[in-house]
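**Q** Protein chains in written order, with the working numbering: chain U, 4 to 341; chain P, 4 to 341.
The beta carbon of each residue, even a glycine, is placed where N, CA and C say it ideally should be.
Since this is a predicted model, take the numbers as computed values, not measurements.
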DNA sequence: GTGAAAGCGCTAACAT
DNA sequence: ATGTTAGCGCTTTCAC
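Put into C-alpha cells, the structure is as follows:
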C-alpha cells in the first residue's frame, strides 16, 4: 500500500485533513481554488483514497459479488459482460465466485458474503443445490440479492429469467414438426428451476401432439465431460435410440456430435437436435445447430440494474419480482426435415 | 452490513475485544475452552470479522485483480478458472476487470489499482496498448504484478507465456506441408507481443521453405465482428486469394468459415486454416478445425502461483522471469492434404 | 470556507 | 490466559 495518504496531502498544502477529504469529493463547501490545488496534488502523487478506510467509514464497499457455477460457458461469460457494463458505469467493482456446480463451495462462498464485503450479490445457483439455508441466511442478513437465470423460488428476492417453459415447448414442437417420433431430453439436474421448466415445456409439447405416438425420455447427464459422453453413447447405441434430442445446456452438444460421428449416425437425417446454447460457433458446426439462444448479456445487465436499484434506500424492495426476457429459437440445419 | 460486531460478542461473553479477536484467529494465547465458546457464538450469529476493518488494520486486502480484455473468450475464461483455483485455496478474492481491448479503459482501471484495493494484479494487456506509463506507475507503487499471455516487455515483472514464435512456426510449417502456396496471417494488433511473435514464427517458416515460392500477407482484423467479416470477405473475394490462413486468435475463425460458405470456397480443398483457439467445439466444426491450443488453465494457475509467491516479503522478487508453457498443434480436417 | 475531533471495526503491541 | 489501548485512513458532524 502506498505510503502517501490524506494526512500527507494535508501537510503538504498546509490545509486540514477534512478540507482535503471534502475537496476530493468536490464538496460545495470548498472553494474552487482549494479544490484545484488539492486535485492537482492528488493527481501528481497518483493518490486516491484508501478504499478500505473509506468503505469502513461509509459502511459501503462499492463492490458486488457475482456467484456462478462456471465462467468458461458462453451464457455466463456473456452475462458477466452485461453485469460489468453497469458496474463499471456506477463505479463498482465485481468479485467473481465460481461454485463449479458444487453445493459445498456455494455454501462456503455465500456464508462469507454477509459481512459487508459486498453491497449486493448476483447469483445463479448450482445444479446440486437442493437446500437453501445458506441463501436464507444471506437474505436475512439484509444484503440485496438478485438471481439471474437459475433462480431460487424459495427466497423472496428479484429474479431475471428467460421464458424457459415456452422455450422447451417451442424446441420440442419444432422437433415434432420436423418429423421426430422419439425425443429425448438431456438434463443436468433435477433441482434447477430452469432445467425443470424447460422439461415441463418439453412434456407439454409432447402431450399436445395427440395421436403422434411420441415416446419421451429424460436422460440425466453427470457433471464431467467423460461421464456425459458415456451416458450419450449408451443412449445412442441402444435399440430404441431417439430421433430427436433437446440438450438443456450448451456443454451437452459436443458429445452428441462426437457420438454420432463415432457411431455413424447422420444428422439431421437420423437424429435432429435443438440445444440451449449461446456459443458463437453453432452456425458453423456440421450440421449447423438449431438453438434456443438466451439473452445472456441483457439478463446480466438487467439483473445488475435491479440490484443497483435496491441500493437506493428509499425505494421499496422489489419483492420477488420476476423479470422475463425471452429467448429465441434459431432454426439451422440440425433439425432440417428430410 | 450486519449490526453485530466484535464488541457485541465480547459483551455477550463477558470477555475483552482482543480475546475475541485472538480466539477467532485460533491464537495459541487463548485457552481451548474460550476458543470453543467464541467460535460457537460467532457461528450462532453467523459472524465473520468485517473485512474492511481488518484489511485497513492489516494493510492487506486478501484480494487480487485480474485485468483482461474479454471474458467471453475460451482462453481467458479457462485462465480465470486456473487463477480462481489457487485464489480459492489461499482464501483470496478475485476482482475481474474487463478492458474490452480499450487502452482508455485499461488505463483507468490500472490507475485505480494502486491504492491498496488489491494485494496484486494479474494482467493480459489490451490489443490497443502501445504506451505503458500506467503500467509503470502501477509497478512503481510496488504492488506485485504478473502478466500472462499478453505480456508487456517494458515492465520488469514476471510473465507467463506460451511458445508463440514456435507455435506460429509450426502452424505455418504444417500448412506448407499440406501444400499451401499462399498463406495469409490474420492479425488483430501491431502492438501485442503474442501476435507479433506468432507472426515472426510465420515469417520464419516461410523464409525456411526456400524454393517453394510462397507468398505472404498480413491482414489486420478490426475489433468488431462485422468489420472483421468485411475484411475477410475482401481477402477471399480477391483475385489472389490465399490457400492457407493462420488465424491468430479464436474469434477470427467463425467469419472465415462463414465467408467460405457464402462464396462457395471449399475447406480444406481450396482453403486450409490453422487457428489459435481453445474452443470446445473446434472438433465438431465442418470441417473440424486444426488448432494451436494453449494451456490456458495452467497459464492462469501458474500466473497466480507466482503472484502469491511474491506476497512473501522475504522472497526476492522474481525479476522479469518468464515462464513458458508450450501450446499444442492439434491437426484436424481443416488442413487435410488433398 | 476551513478545521478539530469522533469513530467506523478491527488487530497487535503491550500490559497484567 | 486475558485485558487495555493505540491507531489503520478515512468521512462527517459540528464548531468557528
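Judging by CA-CA distance, which residue of U:65, U:66, U:83, U:64 is the nearest neighbour of residue 72 of chain U?
**A** Closest by alpha carbon: U:83.
**Q** Could you tell me whether the Cβ of residue 55 of chain U comes closer than 8 Å to any Cβ of chain P?
**A** Answer yes: the Cβ-Cβ gap between residue 55 of chain U and chain P drops below 8 Å somewhere.
**Q** Rounded to whole angstroms, what's the CA-CA distance from residue 193 of chain P to residue 277 of chain U? Just pull it up for me.
**A** Approximately 41 Å between the Cα atoms of the pair.
**Q** I need the straight-line Cα distance from residue 118 of chain U to residue 103 of chain P, nearest angstrom please.
**A** The alpha-carbon atoms of residue 118 of chain U and residue 103 of chain P are separated by roughly 32 Å.
**Q** With a threshold of 8 Å between beta carbons, is residue 3 of chain P in contact with chain U?
**A** Residue 3 of chain P cannot be examined here, being either before or after the span of chain P that is shown, 4 to 341.
**Q** At 4 residues or longer, and completely inside the region 149-204 of chain U: list those alpha helix (DSSP H) runs for me, N to C.
**A** If we require 4 residues or more, the alpha helix (DSSP H) runs fully inside the region 149-204 of chain U come out as 167-180.
**Q** Go ahead and label residue 201 of chain U buried or exposed: buried means 16 or more other beta carbons lie within 10 angstroms of its beta carbon, across all protein chains shown.
**A** Residue 201 of chain U should be labelled buried.
**Q** Can you find a CB in chain P that lies within less than 8 Å of the CB of residue 140 of chain U?
**A** Interface residue, yes.
**Q** Tell me which residue opens and which closes the alpha helix (DSSP H) that residue 110 of chain P is part of.
**A** Taken as a continuous stretch (DSSP letters only), the alpha helix (DSSP H) holding residue 110 of chain P covers 106-114.
**Q** Got a sec: which bits of the region 183-214 of chain P sit with their beta carbon under 9 Å from any beta carbon on chain U, in order along the chain?
**A** Listed by position, the residues of the region 183-214 of chain P near chain U (Cβ gap below 9 Å) amount to none.
**Q** Within 10 Å of its beta-carbon, does residue 165 of chain U have 16 or more other beta-carbons around it, so buried, or fewer, so exposed?
**A** So residue 165 of chain U counts as buried.
**Q** Comparing C-alpha positions only, which one of P:12, P:139, P:236, P:63 sits nearest to residue 265 of chain P?
**A** Nearest C-alpha to residue 265 of chain P: P:236.
**Q** Quick check on residue 45 of chain P - is its C-beta less than 8 Å from some C-beta in chain U?
**A** Judged by the 8 Å Cβ criterion, residue 45 of chain P is not in contact with chain U.
**Q** With C-beta atoms as the reference, is residue 100 of chain P less than 8 Å away from residue 68 of chain P?
**A** In contact: residue 100 of chain P and residue 68 of chain P (Cβ atoms closer than 8 Å).
**Q** Measure from the C-beta of residue 12 of chain U to each C-beta in chain P and report whether the shortest distance is under 8 Å.
**A** So, not an interface residue.
**Q** Using a cut-off of 8 Å between C-beta atoms, extract the partners of residue 147 of chain P located in chain U.
**A** Per Cβ cutoff of 8 Å: no residues; residue 147 of chain P is ~12 Å from chain U at best.
**Q** Is the beta carbon of residue 307 of chain P sitting closer than 8 Å to the one on residue 125 of chain P?
**A** Yes.
**Q** In chain order, which continuous runs of the beta strand (DSSP E) of length 3 or greater are located wholly inside the region 56-135 of chain U?
**A** DSSP runs (the beta strand (DSSP E)) wholly in the region 56-135 of chain U: 66-71, 96-101, 123-126.
**Q** Does the beta-carbon distance from residue 163 of chain U to residue 138 of chain U come in below 8 Å?
**A** For residue 163 of chain U and residue 138 of chain U, no; Cβs fall outside 8 Å.
**Q** Could you tell me whether the Cβ atoms of residue 261 of chain P and residue 280 of chain P are closer together than 8 Å?
**A** Their beta carbons are not under 8 Å apart, which means residue 261 of chain P does not touch residue 280 of chain P by this criterion.
**Q** Kindly list, in the order they appear in chain P, the residues whose Cβ is closer than 8 Å to that of residue 250 of chain U.
**A** Those within 8 Å of residue 250 of chain U in chain P number zero; the least Cβ separation is about 13 Å.
**Q** Would the region 11-29 of chain P and the region 39-53 of chain P be scored as touching if the rule is three or more Cβ pairs under 8 Å?
**A** Because the criterion of three Cβ pairs below 8 Å is met, the region 11-29 of chain P and the region 39-53 of chain P touch.
**Q** Taking a Cβ distance cut-off of 7 Å, strictly less, list which residues of the region 54-86 of chain U are near chain P, in chain order.
**A** Answer in chain order: 54, 55, 56, 58, 59, 62, 64, 74, 75, 77, 80, 81, 83, 84.
**Q** Within the 8 Å Cβ cut-off, does residue 166 of chain U reach chain P?
**A** Not one chain P Cβ lies under 8 Å of residue 166 of chain U.
**Q** What does the alpha-carbon distance come out to for the pair residue 128 of chain P and residue 70 of chain P?
**A** Between residue 128 of chain P and residue 70 of chain P, the C-alpha separation is close to 8 Å.
**Q** Please report how far the alpha carbon of residue 189 of chain U lies from the alpha carbon of residue 251 of chain U, in whole angstroms.
**A** Whole-angstrom Cα-Cα distance: 6 Å.
**Q** Heavy atom of the ligand ZN less than 7 Å from the Cβ of residue 263 of chain U, yes or no?
**A** Among the ligands in the structure shown, none appear at all, so the ligand ZN cannot be discussed.
**Q** Need the endpoints of the alpha helix (DSSP H) that residue 219 of chain U sits in, please.
**A** Element bounds for residue 219 of chain U: not the alpha helix (DSSP H) but the beta strand (DSSP E), 218-223.
**Q** Check for me: the beta strand (DSSP E) holding residue 277 of chain U runs from which residue to which?
**A** Element bounds for residue 277 of chain U: 275-279.
**Q** Once the 5 residues before and after residue 4 of chain P are set aside, which same chain residues still bring their CB inside 6 Å of it?
**A** Caution is warranted here: a pLDDT of 41 is assigned to residue 4 of chain P, below 50, making its placement in the model unreliable, and no coordinate value can be reported.
**Q** Under 8 Å, do residue 89 of chain P and residue 304 of chain P count as touching if we go by C-beta distance?
**A** Closer than 8 Å, so yes.
**Q** How would you call residue 120 of chain U, buried or exposed, if buried means at least 16 neighbouring beta carbons within 10 angstroms?
**A** Buried is the call here.
**Q** Where DSSP assigns a beta bridge to residue 325 of chain P, which residues make up the other side?
**A** The partner list for residue 325 of chain P (beta bridge, DSSP) reads P:162.
**Q** Cβ atoms of residue 159 of chain U and residue 315 of chain U: under 8 Å apart, would you say?
**A** Cβ distance not < 8 Å, so residue 315 of chain U and residue 159 of chain U don't count as in contact.
**Q** What residues of chain P sit near residue 98 of chain U, judged by a beta carbon separation below 7 Å?
**A** Per Cβ cutoff of 7 Å: 96, 97, 98.
**Q** Is the CB of residue 120 of chain P under 8 Å away from at least one CB in chain U?
**A** Yes, because at least one Cβ of chain U sits closer than 8 Å to the Cβ of residue 120 of chain P.
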